[in-house]
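The block underneath contains the structure these notes are about, expressed in structure tokens.
Number of protein chains: 6
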Amino acid sequence: MAHASHRTATTGLDPETRAAVLVEAIPYIRRFAGQIVVVKYGGNALAGSKAATTPEQGQVRGSDVEEALARFAEDVVLMVSMGLRPVVVHGGGPQIGALMERLGKTPQFVDGLRVTDAETLDIARMVLVGKVNREIVSAINLHAPLAVGLSGEDAGFITAAEHDPALGFVGDVVAVDPALVVRLAGEGLVPVIATIGADESGQAYNINADTVAGAVAEALSAEKLIFLTDVAGVRSRREDPDSLVARLDAKSLDDLVANGAVGEGMIPKVQACSHAVRNGVGSAHVLDGRLPHVLLLELLSDEGIGTMVTAS
Amino acid sequence: MAHASHRTATTGLDPETRAAVLVEAIPYIRRFAGQIVVVKYGGNALAGSKAATTPEQGQVRGSDVEEALARFAEDVVLMVSMGLRPVVVHGGGPQIGALMERLGKTPQFVDGLRVTDAETLDIARMVLVGKVNREIVSAINLHAPLAVGLSGEDAGFITAAEHDPALGFVGDVVAVDPALVVRLAGEGLVPVIATIGADESGQAYNINADTVAGAVAEALSAEKLIFLTDVAGVRSRREDPDSLVARLDAKSLDDLVANGAVGEGMIPKVQACSHAVRNGVGSAHVLDGRLPHVLLLELLSDEGIGTMVTAS
Amino acid sequence: MAHASHRTATTGLDPETRAAVLVEAIPYIRRFAGQIVVVKYGGNALAGSKAATTPEQGQVRGSDVEEALARFAEDVVLMVSMGLRPVVVHGGGPQIGALMERLGKTPQFVDGLRVTDAETLDIARMVLVGKVNREIVSAINLHAPLAVGLSGEDAGFITAAEHDPALGFVGDVVAVDPALVVRLAGEGLVPVIATIGADESGQAYNINADTVAGAVAEALSAEKLIFLTDVAGVRSRREDPDSLVARLDAKSLDDLVANGAVGEGMIPKVQACSHAVRNGVGSAHVLDGRLPHVLLLELLSDEGIGTMVTAS
Amino acid sequence: MAHASHRTATTGLDPETRAAVLVEAIPYIRRFAGQIVVVKYGGNALAGSKAATTPEQGQVRGSDVEEALARFAEDVVLMVSMGLRPVVVHGGGPQIGALMERLGKTPQFVDGLRVTDAETLDIARMVLVGKVNREIVSAINLHAPLAVGLSGEDAGFITAAEHDPALGFVGDVVAVDPALVVRLAGEGLVPVIATIGADESGQAYNINADTVAGAVAEALSAEKLIFLTDVAGVRSRREDPDSLVARLDAKSLDDLVANGAVGEGMIPKVQACSHAVRNGVGSAHVLDGRLPHVLLLELLSDEGIGTMVTAS
Amino acid sequence: MAHASHRTATTGLDPETRAAVLVEAIPYIRRFAGQIVVVKYGGNALAGSKAATTPEQGQVRGSDVEEALARFAEDVVLMVSMGLRPVVVHGGGPQIGALMERLGKTPQFVDGLRVTDAETLDIARMVLVGKVNREIVSAINLHAPLAVGLSGEDAGFITAAEHDPALGFVGDVVAVDPALVVRLAGEGLVPVIATIGADESGQAYNINADTVAGAVAEALSAEKLIFLTDVAGVRSRREDPDSLVARLDAKSLDDLVANGAVGEGMIPKVQACSHAVRNGVGSAHVLDGRLPHVLLLELLSDEGIGTMVTAS
Amino acid sequence: MAHASHRTATTGLDPETRAAVLVEAIPYIRRFAGQIVVVKYGGNALAGSKAATTPEQGQVRGSDVEEALARFAEDVVLMVSMGLRPVVVHGGGPQIGALMERLGKTPQFVDGLRVTDAETLDIARMVLVGKVNREIVSAINLHAPLAVGLSGEDAGFITAAEHDPALGFVGDVVAVDPALVVRLAGEGLVPVIATIGADESGQAYNINADTVAGAVAEALSAEKLIFLTDVAGVRSRREDPDSLVARLDAKSLDDLVANGAVGEGMIPKVQACSHAVRNGVGSAHVLDGRLPHVLLLELLSDEGIGTMVTAS
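Keeping their order, the protein sequence lines are chains A, B, C, D, E and F.
The first sequence begins at 9 in this note's numbering and counts up one residue at a time.
The second sequence begins at 9 in this note's numbering and counts up one residue at a time.
The third sequence begins at 9 in this note's numbering and counts up one residue at a time.
The fourth sequence begins at 9 in this note's numbering and counts up one residue at a time.
The fifth sequence begins at 9 in this note's numbering and counts up one residue at a time.
The sixth sequence begins at 9 in this note's numbering and counts up one residue at a time.
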């Protein structure tokens, strides 16, 4: 395990300060030992990544994106080192769109949801399971061979149903069978989940990744559900960066949605937060994934980072 | 579990005959209880299947291909019912080629091996992990939710190395870590393995599926390694259908290869058979996958089917 | 394990038919895995067997009786191979009578029950435990050393009480302690039970074997209770062979008894069936033990054989 | 558990003496915890018992014999209470002879061994398994339901072979499979073993009980092998009661046999002792079974009783 | 283990009597197997022991006291040999007083309770944990290395609270956490408990040993709570030695206290007895600790010794 | 768990630096999970603590000493939180001397070792087991009820032998039985060990605490042996503070002792270090116990603190 790049930051730090950080962190390590933490890693975070669709981009990759994924992967492995059981859920909208375009299909959206015919579903599945999932698995396994890619179709993990006939193969989560994921996480492995589900006839569906993350956290009775986003957290006034809310309960969060304070892109996330904490998840968090090691900081310090949602 | 379509065959069968089949089969059930059987399911067998690449073919599927996959899936689930632990390995050459063509890439081959640049690897991974693997998982889970798709990258399952710089990202198997697959199979699940591996730097490689099947069987100390093909078995004279060999040892098989009796497409398979039985696999088999329920018949009857290879 | 004698029946059977029988059978194997099946093997079935009482018969044995016992024993071992847990209960009326006669005692019956003085009890116990039980154990162990002979006196298995002072040491079942039999069956052994019980003072009693079979099935929460008899099943009209009932519930069976449709010899069996399914046994069966491998056919095919009784 | 009849002996005993007996005994209890003790209980000890063969004796029983069996049974149950694992082996020569006579057969002996034709074997098996074994099981279970009757045929426990064609079905011990007996004894049950064995063809044989006791003790790696006889122990001069040997090694015992000091009836016992201690049994003992609670006294006091044989 | 000193008592004892003692004792061994017995060993019993406080007494020790402790220790080890789980609780009032005097402090008592300032507590803790506890542990470990000294402060075993501000650091038992003691006793070790407890601020308190013994017995659901004293038991008339009560229930015992029949020194003991049997302890006993092996005699004979208290 | 006093140190620390400390620390947490660390806590460190011997000091305590013990206790509990298994060994020379003086005894030393007559041993045992041990246990249990005080006499933990007749009851370590300590540490408890041992006759001895710490670390196959002292570490030139050695092997350490570079008081410690790493202990450390949280800093950072000794 090479952490060389981060070492310089601690050089010259006085022992007293260093000890203070550890004394603050260790009790949380005990408290979270063996707990499941579901982390939603956004497709956008990978959107600049190596695209299969443009040959000339093949070997080029934004160093920011690579760096962010590498740090996320390192945090996930460090979480396992501490005795936590992280479970990663991801989407991949931009990457699906890119391949569709290369294949000459024009993406269509209704109310923000992608119209998904049989071919689009085939493409979505290839991209989510065969590309985005692989990149996350690969990044984690570079640190320690712990990541196992899964789709909701594996071992009947996610049962889905059609959301709306007009949208085609876009699904809702009907049920989550936690057995396989609990087992893998319990053995110190890291399930990385692509958000495809199937109904009882075997028909596959593409499902919103935020919704899946929440449903999985509930089914696993996770201690935490964490959304890594590109904003600092939830605001009480949509346009006011100073209105960041550090901590609130599900009821207050619902009120913010009703008031229109929450922006559209954020709505599936905050709804998943609100639903999850009302159904047994310890707390839900919206964090800025661009902040280095934001997962560790959230887990191991007294002061909160981003927005924390609790049941009451 | 509905087996209605096959019921008619037994109607009117006299009890004595029916009992004789069972009396012959049951001792094998006991003998194979808990044993691992690795089955290589050929990409060709799925080659006529729903292609993501041609929109108009999207909903059309050769009923023969569908029927063959459905019967294979049923056999796999029945193997689990009997207490066996099947592990499926698959390739997907024709499907990779189809998507390459749709994306405007021309496949190139050197000595029968696909030249694989970064983009081709990306395509191969999407097709194998995100399409072919999904179709097999889905077909099995329609009978019982037991299949779990895996790639050699998951949890460090298959460590690979570059085969030849001229070929790009074509890999050889360096090591197989059986832990995850043994665990899943031990819990009654069916690992379905796409043949992508990674080296220690995290670089992925596409690997020949016949070779992977053999290496996996060896690492798992499988009782049997079974290749489902489209021929009746190994012949002692290449062009003579009557020269089918029912049973032979590894040495004799090597001789047939040296004599040129084995056709080119078959060579990786018979080499994998020969290597596997010399390294702890109980027996290796080349069967005609087009024969309905050929897996059950091989496993549960005294007379062999196809060709069986043993160590000596 | 040699099954050579039965092999010929499958020679020349086409693969499709053979596969159909297996596909039909395997799901039952899974369903019955680990389940207890109590089989009552009738004393009559052994009645022609080697009698201790007539020297000149000593080495002679009806080949039919031997053959029936051998096939029964083979089925029992095959049931274990499939993961079932068979428990055998047997009587031995004819054999008791034969030894009594040789010792100069005249059997006396009141309402079909044998008047049992102390000496008769001693003879019954010797014959049941020391002769009939031994023959069944021996026949099974010829295939695999799995059978363990037990009497209801062992480890307090069956607690009995006097049925009627006028009959002497004829007992009713008061309680069954399933611990020992569950343990032996759970280890893959086959308990073979002679129907002697004891009361708390240690006094032994001879008990009707049909009744014991039913009580044992209830105490073990058996999946099935099977009576092997010399008739095809239960009839709705006593004298009409065409009135065989394939399946009925306990209430209907009680009605047939009330109507006089059930012959006297069959009454203890059908009453045991009716009582057992009302007390937790999955189903009860009356089969023709003369039909080869009738146990396998009943267990492993969709169409019923003989008569099946269910709770409702 | 009622021990009332023995209580009077302790009334008025001063506490100091009572405590001294306990202080002496308890360390042995710890030392023997979980150890297997094989006890051969002689057929002679039961020879006066209720005979099935003579009606008028049916209800009469020598109170001495009954009392001796009852005290033996009590000791066996007390051994279990202390954490020991007793295993009982018994013969039954006199009882076999009695039934043969009632059935009009004349026992024949060659060199002290009973000529055993098929009918005699049938009689021997009925008497040993169905009568003598039952009486011992019944006597033990009157105190606590722990005894389980077994024959060497059960679960392939004792494999036998013909001793001498001239003697018919008289067998030697070829092998003992300890699994079943170890399991039963390990669960706190008391196996009571009738000395019938079978060869691989299923043919049963009658075997000398002293020999079986020794072979069973060896196969079980017993801590002790105890022969309950009607003499005080082994003498160094056959006719001199004062020449009782308290303790000797296997070599010295062999010398006594060679010198003619050991009487004929005792020879199989002392040979079994000598063989057993040379093959892993801790010690072998010849005790006077007529002495009340001789088993407890041997096990729980510093001064030996009878004759103890050790390896060296 | 040397018991030589007690052996002479059994020499010459006739076997019948010896057997009778054993037959009476063994059923109790089974009945008590695995049960916890809490024994309060009085500080007075050790009061004449080697005192740290007077140099000239340093090497002198009353042989009676030494002998009594040695026999107590032997009994405790024998209890473990029998499968019991003894737990010892002790006080040490006289020894505390002796050290206080040597250090120039004058003990003060209010209502029989020692006024305990900070220095007195320090002295009490040193004497109880560092001297009396060590002597008992050492005496037991001379027989077998089983004793482990504990104080109520270890692993939060006993939570205490101030009894009365006027008395200083004299405590009441608030809670007992049985986990550590149950674990040690379950592994065959003998916890020896000094009666210091602590409150949540970490402040230690000295607690009455009789009260602790009762509270520990309740928390452990002990089978027996035994007070070893220097009287024969509880009397119904304080001054009448013939009024010893062999057995009574908690209600009757409370009445004796109310009637003034119980002497002052005995009151904490009988109140602990009465409370314990009402809270799940099987029985409580007041025995004369001066009687050799009184623990064994109480546990292993039909006739009671001393006074036994039961719930009803 | 209140860590409030240390929180201020982290206020205002930038997230990047905080994350860097954690990223550096976490891999060590994983590496040390389940490992045993033996920590020698010096008697000097407690020497200013509340003395039982001077009444007027009773309630006074140097705040430095209290603060140091409190921080040590917090570190021990944090080590348990991280999954480590700390074992504490302590001495108490100054406290023994203080009580001896109050009791009018003049301590005598030969070659730095205390001449120990029977009374002195009694005093040493009271002080070590009943006072110093209690203070450490109490300080730890204030954070979490995990500490269990032990002496080498408990359960035969440390077997000792006389060092030199001229010194009286001063002992050497002959053997350490790790069973009890391993068990307690394995259950997440913290054994705190007073360095009294006993020989086979039960005679107690006072043993040098540095030697005991080393012997215990070896017997437990500890990952680390840590001496908390009042110096910064080992120097290569006795009087030169700049000659601190950060890391050396056992051979080099022996050379420093031979060269006279190591001061007398340090010799038992460095000899214990050298012996321990040659006998299976991962590494040994001499740290300055006055540095706050020095245990955490040593365990969880890349740069060493104090002196680390390894086998080679």
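We put the beta carbon where it would ideally sit given N, CA and C, even for glycine.
In this structure, B/255 is the residue among B/28, B/289, B/255 and B/277 with its C-alpha nearest to the C-alpha of residue 312 of chain B. For residue 141 of chain F, the uninterrupted alpha helix (DSSP H) segment begins and ends at 141 to 149. The alpha helix (DSSP H) runs lying completely inside the segment 71 to 131 of chain E and spanning 4 residues or more are 71 to 89 and 101 to 110, given in chain order. Bounds of any beta strand (DSSP E) do not take in residue 28 of chain D; it lies within the alpha helix (DSSP H) bounded by 23 to 40. Contact of residue 94 of chain D with chain E is not assigned, every C-beta pair being separated by 9 Å or more. Selection A/99, A/149 and A/183 evaluated against residue 133 of chain A yields A/99 as nearest (Cα-Cα). Annotated as distal: residue 138 of chain D and residue 179 of chain D, with beta-carbon spacing of 9 Å or more.
Annotation for residue 308 of chain F: 33 and 36 place their beta carbon closer than 6 Å to its own, counting only its chain and skipping 5 residues before and after. With a contact defined as Cβ atoms closer than 8 Å, residue 319 of chain B and residue 258 of chain B qualify at about 6 Å. Taken in chain order, the members of the segment 143 to 160 of chain D whose beta-carbon sits within less than 9 Å of a beta-carbon on chain C are 145, 146, 147, 149, 150, 152, 153, 154, 155, 156, 157, 158 and 159.
In this structure, residue 44 of chain D places its C-beta atom within 9 Å of the C-beta atom of residue 231 of chain D.
Neighbours of residue 110 of chain C in chain D, taken as residues at a C-beta separation under 7 Å, are given in chain order as 111. Listed along chain C, the residues sitting closer than 9 Å to residue 23 of chain B by beta-carbon distance are 299, 300, 301, 302, 305, 309 and 313. Secondary structure at residue 293 of chain A: strand, using DSSP grouped into helix, strand and coil.
Here the alpha carbons of residue 208 of chain A and residue 225 of chain A stand approximately 23 Å from one another. Nearest CB-CB separation between residue 134 of chain C and chain B: not below the 9 Å threshold. Not one beta carbon of chain D lies nearer than 9 Å to the beta carbon of residue 287 of chain C. Note: residue 214 of chain D is bridge-paired with D/178 and D/204 in the DSSP secondary-structure output.
Taken in chain order, the members of the segment 160 to 174 of chain E whose beta-carbon sits within less than 7 Å of a beta-carbon on chain F are 161, 162, 163 and 164.
Per DSSP, residue 245 of chain A has no beta-bridge partner at all. With a contact defined as Cβ atoms closer than 8 Å, residue 150 of chain A and residue 81 of chain A qualify at about 7 Å. Take residue 229 of chain C, set aside five residues on each side of it, and the residues of its chain with a beta-carbon closer than 6 Å to its own are 288, in chain order. Taking 9 Å as the threshold, the shortest C-beta distance from residue 38 of chain E to chain D falls below it. Around the Cβ of residue 314 of chain F, a 10 Å sphere holds 16 or more other Cβ atoms; the residue is buried.
The beta carbon of residue 193 of chain B lies closer than 7 Å to those of 44, 93, 95 and 199 in the same chain, with the five residues before and after it left out. Between the alpha carbons of residue 269 of chain C and residue 301 of chain C lies a distance of about 28 Å. Residue state for residue 254 of chain C is assigned as coil, using DSSP reduced to three classes. Among the CB atoms of chain E, one or more fall inside 9 Å of the CB of residue 137 of chain F. Nearest CB-CB separation between residue 191 of chain C and chain D: below the 9 Å threshold.
Counting every other CB atom within 10 Å of its CB across the protein chains shown gives residue 153 of chain F a total of 16 or more, marking it as buried.
Leaving aside the five residues that flank residue 242 of chain D on each side, the residues in its chain whose CB is nearer than 6 Å to its CB run, in chain order, 253, 294 and 315.
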